[in-house]
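The working numbering applies: residue 4 is where the sequence shown begins, and numbers increase by one.
The beta-carbon is built from N, C-alpha and C at its ideal position, and this holds for glycine as well.
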Amino acid sequence: MSSIFDDVRGEFSKTNNAVIKLILTNVIVFVAIIILYIVFTIAQYPHYYQWVMDQLSLPASFGAFLYKPWTLLTNFFVHQGPFHVFFNMLSLYWFGQVLEEYLGSRRLIAIFLLGGLAGGVLFLTMYNLVPYFQPELANTSLIGASGAVFAVILGAATLLPEHTFFVFLIGPVRLKYIAALCIIITMAQLVGPNAGGNLAHLAGAMVGFGFIKSLQNGYDWGKPIYSMGEFFQKIFTSKPRIQVPQRARATTSTTARHFSQKSENTSVIIPNQDEIDAILDKISKSGYESLTREEKQKLYKASQQ
4 MSSIFDDVRG
14 EFSKTNNAVI
24 KLILTNVIVF
34 VAIIILYIVF
44 TIAQYPHYYQ
54 WVMDQLSLPA
64 SFGAFLYKPW
74 TLLTNFFVHQ
84 GPFHVFFNML
94 SLYWFGQVLE
104 EYLGSRRLIA
114 IFLLGGLAGG
124 VLFLTMYNLV
134 PYFQPELANT
144 SLIGASGAVF
154 AVILGAATLL
164 PEHTFFVFLI
174 GPVRLKYIAA
184 LCIIITMAQL
194 VGPNAGGNLA
204 HLAGAMVGFG
214 FIKSLQNGYD
224 WGKPIYSMGE
234 FFQKIFTSKP
244 RIQVPQRARA
254 TTSTTARHFS
264 QKSENTSVII
274 PNQDEIDAIL
284 DKISKSGYES
294 LTREEKQKLY
304 KASQQ
(Lines of atoms letter the chains of each structure in order from A; the text may use other names.)
(Lines give C-alpha, C1' and ligand atoms only; values in the text may rest on other atoms or scores of the structure.)
Protein backbone atom coordinates (compact mmCIF):
# COMPACT_ATOMS: atom_id res chain seq x y z
CA MET A 4 0.00 0.00 0.00
CA SER A 5 2.83 2.41 0.77
CA SER A 6 4.17 1.92 -2.76
CA ILE A 7 0.82 3.11 -4.15
CA PHE A 8 1.01 6.26 -2.05
CA ASP A 9 4.60 6.78 -3.21
CA ASP A 10 3.53 6.40 -6.85
CA VAL A 11 0.69 8.90 -6.41
CA ARG A 12 2.95 11.38 -4.62
CA GLY A 13 5.51 10.95 -7.37
CA GLU A 14 2.97 11.77 -10.07
CA PHE A 15 1.91 14.95 -8.29
CA SER A 16 5.55 16.03 -7.95
CA LYS A 17 6.10 15.80 -11.72
CA THR A 18 5.50 18.58 -14.19
CA ASN A 19 3.69 18.47 -17.53
CA ASN A 20 1.39 15.59 -16.58
CA ALA A 21 -1.90 17.41 -16.00
CA VAL A 22 -3.97 14.53 -17.40
CA ILE A 23 -2.69 12.14 -14.74
CA LYS A 24 -3.05 14.72 -11.97
CA LEU A 25 -6.66 15.47 -12.90
CA ILE A 26 -7.51 11.79 -13.10
CA LEU A 27 -5.84 11.03 -9.77
CA THR A 28 -7.63 13.94 -8.10
CA ASN A 29 -11.01 12.69 -9.27
CA VAL A 30 -10.24 9.09 -8.33
CA ILE A 31 -8.97 10.06 -4.86
CA VAL A 32 -12.15 12.07 -4.18
CA PHE A 33 -14.26 9.16 -5.45
CA VAL A 34 -12.49 6.65 -3.19
CA ALA A 35 -12.83 8.99 -0.20
CA ILE A 36 -16.58 9.32 -0.84
CA ILE A 37 -16.97 5.54 -1.14
CA ILE A 38 -15.17 5.05 2.17
CA LEU A 39 -17.43 7.62 3.85
CA TYR A 40 -20.49 5.93 2.40
CA ILE A 41 -19.45 2.54 3.75
CA VAL A 42 -18.49 3.87 7.17
CA PHE A 43 -21.64 5.93 7.69
CA THR A 44 -23.88 3.17 6.37
CA ILE A 45 -22.41 0.54 8.69
CA ALA A 46 -22.57 3.00 11.58
CA GLN A 47 -26.23 3.64 10.67
CA TYR A 48 -25.69 7.35 10.16
CA PRO A 49 -26.58 7.71 6.46
CA HIS A 50 -27.65 11.32 6.98
CA TYR A 51 -24.00 12.23 7.67
CA TYR A 52 -23.04 10.89 4.26
CA GLN A 53 -25.86 12.86 2.67
CA TRP A 54 -24.66 15.99 4.45
CA VAL A 55 -21.17 15.53 2.97
CA MET A 56 -22.64 15.11 -0.52
CA ASP A 57 -24.77 18.21 -0.04
CA GLN A 58 -21.61 20.20 0.72
CA LEU A 59 -19.95 19.03 -2.52
CA SER A 60 -22.78 18.91 -5.09
CA LEU A 61 -24.13 22.02 -6.83
CA PRO A 62 -27.78 22.68 -5.89
CA ALA A 63 -30.15 23.77 -8.65
CA SER A 64 -31.73 26.41 -6.44
CA PHE A 65 -29.85 29.69 -6.65
CA GLY A 66 -30.89 30.51 -3.10
CA ALA A 67 -29.31 27.30 -1.82
CA PHE A 68 -26.21 27.95 -3.94
CA LEU A 69 -25.63 31.31 -2.23
CA TYR A 70 -25.02 29.44 1.03
CA LYS A 71 -22.59 27.02 -0.68
CA PRO A 72 -20.79 28.95 -3.45
CA TRP A 73 -17.79 26.58 -3.37
CA THR A 74 -19.98 23.87 -4.91
CA LEU A 75 -19.59 25.60 -8.28
CA LEU A 76 -16.05 24.18 -8.20
CA THR A 77 -16.35 21.02 -6.09
CA ASN A 78 -19.23 19.49 -8.04
CA PHE A 79 -17.14 18.43 -11.01
CA PHE A 80 -14.66 16.51 -8.88
CA VAL A 81 -17.41 14.36 -7.32
CA HIS A 82 -18.81 11.12 -8.78
CA GLN A 83 -21.28 8.51 -7.61
CA GLY A 84 -20.90 5.02 -8.99
CA PRO A 85 -17.86 3.36 -10.58
CA PHE A 86 -19.14 3.66 -14.16
CA HIS A 87 -19.72 7.38 -13.71
CA VAL A 88 -16.12 8.06 -12.78
CA PHE A 89 -14.67 5.39 -15.09
CA PHE A 90 -16.10 6.72 -18.35
CA ASN A 91 -15.38 10.33 -17.46
CA MET A 92 -11.76 9.57 -16.61
CA LEU A 93 -11.32 7.34 -19.65
CA SER A 94 -12.52 10.16 -21.91
CA LEU A 95 -10.31 12.63 -20.08
CA TYR A 96 -7.31 10.34 -20.59
CA TRP A 97 -7.90 9.86 -24.34
CA PHE A 98 -8.72 13.44 -25.32
CA GLY A 99 -6.69 15.16 -22.62
CA GLN A 100 -3.48 13.63 -23.92
CA VAL A 101 -4.10 15.22 -27.31
CA LEU A 102 -4.55 18.69 -25.81
CA GLU A 103 -1.65 18.30 -23.40
CA GLU A 104 0.71 17.23 -26.16
CA TYR A 105 -0.08 20.21 -28.37
CA LEU A 106 -1.01 22.94 -25.88
CA GLY A 107 0.74 21.96 -22.66
CA SER A 108 -0.47 21.09 -19.18
CA ARG A 109 -1.64 24.48 -17.96
CA ARG A 110 -3.94 25.04 -20.94
CA LEU A 111 -5.43 21.58 -20.46
CA ILE A 112 -6.16 22.42 -16.82
CA ALA A 113 -7.64 25.78 -17.86
CA ILE A 114 -9.99 24.13 -20.37
CA PHE A 115 -11.03 21.51 -17.80
CA LEU A 116 -11.74 24.07 -15.07
CA LEU A 117 -13.50 26.58 -17.34
CA GLY A 118 -15.63 23.80 -18.83
CA GLY A 119 -16.67 22.60 -15.37
CA LEU A 120 -17.44 26.13 -14.17
CA ALA A 121 -19.43 26.93 -17.31
CA GLY A 122 -21.42 23.73 -16.85
CA GLY A 123 -22.39 24.81 -13.34
CA VAL A 124 -23.32 28.34 -14.45
CA LEU A 125 -25.59 27.12 -17.28
CA PHE A 126 -27.15 24.51 -14.94
CA LEU A 127 -28.02 27.20 -12.38
CA THR A 128 -29.24 29.63 -15.03
CA MET A 129 -31.56 27.22 -16.81
CA TYR A 130 -33.06 25.71 -13.66
CA ASN A 131 -33.81 29.13 -12.17
CA LEU A 132 -35.04 30.95 -15.29
CA VAL A 133 -36.69 28.35 -17.54
CA PRO A 134 -40.15 27.22 -16.32
CA TYR A 135 -39.72 23.69 -17.71
CA PHE A 136 -36.96 22.90 -15.20
CA GLN A 137 -38.38 24.65 -12.13
CA PRO A 138 -40.66 21.83 -10.85
CA GLU A 139 -37.47 19.87 -10.04
CA LEU A 140 -35.62 22.86 -8.62
CA ALA A 141 -35.66 21.80 -4.97
CA ASN A 142 -34.67 18.17 -5.60
CA THR A 143 -31.95 18.51 -8.22
CA SER A 144 -28.20 18.89 -7.86
CA LEU A 145 -25.21 18.54 -10.17
CA ILE A 146 -22.15 16.33 -9.73
CA GLY A 147 -19.60 14.82 -12.09
CA ALA A 148 -16.80 15.97 -14.37
CA SER A 149 -18.78 15.45 -17.57
CA GLY A 150 -19.03 19.15 -18.38
CA ALA A 151 -15.29 19.63 -17.86
CA VAL A 152 -14.54 16.49 -19.89
CA PHE A 153 -16.80 17.69 -22.72
CA ALA A 154 -14.74 20.88 -22.84
CA VAL A 155 -11.62 18.74 -23.29
CA ILE A 156 -13.30 16.59 -25.98
CA LEU A 157 -14.50 19.57 -28.04
CA GLY A 158 -11.20 21.35 -27.48
CA ALA A 159 -9.27 18.40 -28.91
CA ALA A 160 -11.71 18.03 -31.82
CA THR A 161 -11.53 21.76 -32.63
CA LEU A 162 -7.74 21.81 -32.47
CA LEU A 163 -7.20 18.61 -34.49
CA PRO A 164 -10.46 17.69 -36.25
CA GLU A 165 -8.78 15.19 -38.58
CA HIS A 166 -6.92 13.34 -35.81
CA THR A 167 -8.14 9.74 -35.54
CA PHE A 168 -8.83 7.43 -32.62
CA PHE A 169 -9.14 3.68 -33.04
CA VAL A 170 -12.58 2.72 -31.71
CA PHE A 171 -13.15 -0.90 -30.71
CA LEU A 172 -15.26 -2.82 -33.28
CA ILE A 173 -15.45 0.26 -35.50
CA GLY A 174 -11.88 1.18 -36.41
CA PRO A 175 -10.30 4.62 -36.91
CA VAL A 176 -12.69 7.53 -36.35
CA ARG A 177 -11.85 11.21 -36.74
CA LEU A 178 -12.14 13.44 -33.69
CA LYS A 179 -14.65 15.76 -35.37
CA TYR A 180 -17.11 12.88 -35.80
CA ILE A 181 -16.69 11.73 -32.20
CA ALA A 182 -17.35 15.29 -31.02
CA ALA A 183 -20.38 15.61 -33.29
CA LEU A 184 -21.83 12.37 -31.91
CA CYS A 185 -21.32 13.61 -28.34
CA ILE A 186 -23.18 16.84 -29.14
CA ILE A 187 -26.06 14.99 -30.81
CA ILE A 188 -26.49 12.65 -27.82
CA THR A 189 -26.37 15.61 -25.43
CA MET A 190 -28.99 17.58 -27.37
CA ALA A 191 -31.28 14.55 -27.51
CA GLN A 192 -31.21 14.23 -23.70
CA LEU A 193 -31.67 17.87 -22.72
CA VAL A 194 -35.27 17.11 -21.70
CA GLY A 195 -34.58 13.71 -20.16
CA PRO A 196 -34.07 12.58 -16.55
CA ASN A 197 -30.47 13.82 -16.61
CA ALA A 198 -31.27 17.20 -18.10
CA GLY A 199 -28.99 19.03 -15.65
CA GLY A 200 -26.01 16.89 -16.53
CA ASN A 201 -26.59 17.38 -20.24
CA LEU A 202 -26.83 21.15 -19.77
CA ALA A 203 -23.37 20.94 -18.20
CA HIS A 204 -22.17 18.86 -21.17
CA LEU A 205 -23.41 21.49 -23.60
CA ALA A 206 -21.78 24.36 -21.70
CA GLY A 207 -18.49 22.48 -21.49
CA ALA A 208 -18.59 21.76 -25.21
CA MET A 209 -19.09 25.46 -26.00
CA VAL A 210 -16.13 26.35 -23.75
CA GLY A 211 -13.86 23.80 -25.42
CA PHE A 212 -14.77 25.03 -28.89
CA GLY A 213 -14.54 28.71 -27.95
CA PHE A 214 -11.25 28.31 -26.06
CA ILE A 215 -9.45 26.84 -29.07
CA LYS A 216 -10.97 29.28 -31.58
CA SER A 217 -10.02 32.20 -29.36
CA LEU A 218 -6.51 30.82 -28.91
CA GLN A 219 -6.11 30.49 -32.67
CA ASN A 220 -7.08 34.17 -32.95
CA GLY A 221 -4.43 35.23 -30.46
CA TYR A 222 -6.33 35.44 -27.17
CA ASP A 223 -6.00 32.90 -24.36
CA TRP A 224 -9.11 32.42 -22.19
CA GLY A 225 -6.96 30.66 -19.61
CA LYS A 226 -5.05 33.75 -18.44
CA PRO A 227 -7.10 34.21 -15.23
CA ILE A 228 -6.56 30.52 -14.39
CA TYR A 229 -2.81 30.82 -14.94
CA SER A 230 -2.61 33.95 -12.79
CA MET A 231 -4.53 32.29 -9.97
CA GLY A 232 -2.33 29.20 -10.18
CA GLU A 233 0.83 31.31 -10.00
CA PHE A 234 -0.59 33.21 -7.02
CA PHE A 235 -1.25 30.04 -5.01
CA GLN A 236 2.08 28.56 -6.09
CA LYS A 237 3.92 31.57 -4.68
CA ILE A 238 1.98 31.25 -1.43
CA PHE A 239 2.63 27.55 -0.88
CA THR A 240 6.10 27.26 -2.42
CA SER A 241 8.98 28.36 -0.24
CA LYS A 242 11.91 29.94 -2.05
CA PRO A 243 15.42 29.02 -0.96
CA ARG A 244 17.65 31.96 -0.15
CA ILE A 245 20.26 32.83 -2.72
CA GLN A 246 23.51 31.38 -1.52
CA VAL A 247 26.77 31.34 -3.40
CA PRO A 248 28.51 27.97 -2.97
CA GLN A 249 31.86 27.98 -1.13
CA ARG A 250 33.75 27.15 -4.28
CA ALA A 251 32.37 30.30 -5.92
CA ARG A 252 33.43 32.45 -2.96
CA ALA A 253 36.92 31.02 -3.11
CA THR A 254 37.31 32.18 -6.71
CA THR A 255 35.34 35.39 -6.55
CA SER A 256 37.78 37.59 -8.42
CA THR A 257 38.36 35.10 -11.21
CA THR A 258 34.67 34.34 -11.61
CA ALA A 259 33.73 38.00 -11.49
CA ARG A 260 36.22 38.86 -14.23
CA HIS A 261 34.99 35.93 -16.31
CA PHE A 262 31.39 36.98 -15.80
CA SER A 263 32.18 40.58 -16.69
CA GLN A 264 33.69 39.46 -19.98
CA LYS A 265 30.64 37.31 -20.67
CA SER A 266 28.31 40.23 -19.95
CA GLU A 267 30.23 42.49 -22.34
CA ASN A 268 29.84 39.84 -25.03
CA THR A 269 26.08 39.59 -24.17
CA SER A 270 26.28 35.77 -23.87
CA VAL A 271 24.99 36.05 -20.28
CA ILE A 272 22.37 38.71 -19.63
CA ILE A 273 21.67 40.10 -16.18
CA PRO A 274 18.75 37.91 -15.00
CA ASN A 275 15.36 39.30 -14.09
CA GLN A 276 13.27 38.18 -11.10
CA ASP A 277 11.27 35.61 -13.09
CA GLU A 278 14.47 33.88 -14.19
CA ILE A 279 15.79 33.85 -10.61
CA ASP A 280 12.49 32.40 -9.33
CA ALA A 281 12.68 29.64 -11.95
CA ILE A 282 16.27 28.82 -10.96
CA LEU A 283 15.37 28.75 -7.27
CA ASP A 284 12.45 26.42 -8.01
CA LYS A 285 14.86 24.11 -9.83
CA ILE A 286 17.24 24.11 -6.86
CA SER A 287 14.42 23.29 -4.43
CA LYS A 288 13.35 20.33 -6.60
CA SER A 289 16.65 18.93 -7.88
CA GLY A 290 19.51 20.58 -5.97
CA TYR A 291 22.17 23.11 -6.94
CA GLU A 292 24.17 20.63 -9.01
CA SER A 293 21.25 20.21 -11.43
CA LEU A 294 21.76 23.77 -12.68
CA THR A 295 23.39 24.39 -16.03
CA ARG A 296 26.55 26.45 -16.28
CA GLU A 297 24.59 29.49 -17.49
CA GLU A 298 22.03 29.15 -14.66
CA LYS A 299 24.82 29.04 -12.08
CA GLN A 300 26.31 32.18 -13.61
CA LYS A 301 22.94 33.94 -13.51
CA LEU A 302 22.46 32.94 -9.89
CA TYR A 303 25.91 34.21 -9.00
CA LYS A 304 25.27 37.48 -10.83
CA ALA A 305 22.00 37.95 -8.93
CA SER A 306 23.78 37.42 -5.60
CA GLN A 307 26.13 40.30 -6.43
CA GLN A 308 23.32 42.84 -6.96
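Report the rounded CA-to-CA distance for residue i versus residue j, giving the unit in angstroms.
| i | j | result |
| --- | --- | --- |
| L184 | M190 | 10 angstroms |
| Q58 | L69 | 12 angstroms |
| P164 | I41 | 44 angstroms |
| A203 | I181 | 18 angstroms |
| V46 | A35 | Residue 46 is actually Ala in this sequence, not Val. Those two C-alpha atoms are separated by around 16 angstroms. |
| E233 | P175 | 39 angstroms |
| L205 | L283 | 43 angstroms |
| V155 | F98 | 6 angstroms |
| S263 | N275 | Bear in mind that a pLDDT of 39 at S263, under 50, signals an unreliable position, so the number given afterwards is only what the model happens to contain. So the two alpha carbons sit approximately 17 angstroms from each other. |
| H3 | F235 | The shown model of the chain, from 4 to 308, leaves out residue 3, and the question about it has no answer. |
Among the options, which residue has its Cα nearest to the Cα of residue i?
| i | options | result |
| --- | --- | --- |
| Y96 | Y222, G232, S149 | S149 |
| V133 | Y51, L193, K17 | L193 |
| V170 | G118, S217, L93 | L93 |
| I26 | L76, G174, Q100, L283 | Q100 |
| R177 | I279, S230, A160 | A160 |
| F214 | N91, L162, Y52, E139 | L162 |
Taking the beta strand (DSSP E) that residue i falls in, what are its first and last residues?
| i | result |
| --- | --- |
| T44 | Element bounds for T44: not the beta strand (DSSP E) but the alpha helix (DSSP H), 21 to 45. |
| G174 | 174 to 177 |
| T128 | Element bounds for T128: not the beta strand (DSSP E) but the alpha helix (DSSP H), 108 to 132. |
| V170 | 167 to 170 |
Output needed for residue i: all residues of its chain with C-beta closer than 6 angstroms, excluding positions within five of it in sequence on either side, in chain order.
| i | result |
| --- | --- |
| S108 | N19, A21 |
| G3 | Beyond the ends of the chain as shown, which are 4 and 308, falls residue 3; an answer cannot be given. |
Considering only residues of the same chain and omitting the five flanking positions on each side of residue i, which have a CB-CB separation below 8 angstroms?
| i | result |
| --- | --- |
| D10 | none |
| L172 | none |
In the DSSP assignment, the alpha helix (DSSP H) including residue i goes from what residue to what residue?
| i | result |
| --- | --- |
| T77 | 74 to 77 |
| T161 | 149 to 162 |
| E139 | First-last for E139: undefined, no H or E at that position. |
| S230 | 226 to 239 |
Closer than 7 angstroms by C-beta to residue i: which residues in its own chain qualify, once you throw out the five before and the five after it? Chain order, please.
| i | result |
| --- | --- |
| F33 | H82, V88 |
| N78 | L59, S60, L61, G123, L145, I146 |
| L157 | A182, A208, G211, F212 |
With burial defined as no fewer than 16 other Cβ atoms inside 10 Å of the residue's Cβ, what is the status of residue i: buried or exposed?
| i | result |
| --- | --- |
| F15 | exposed |
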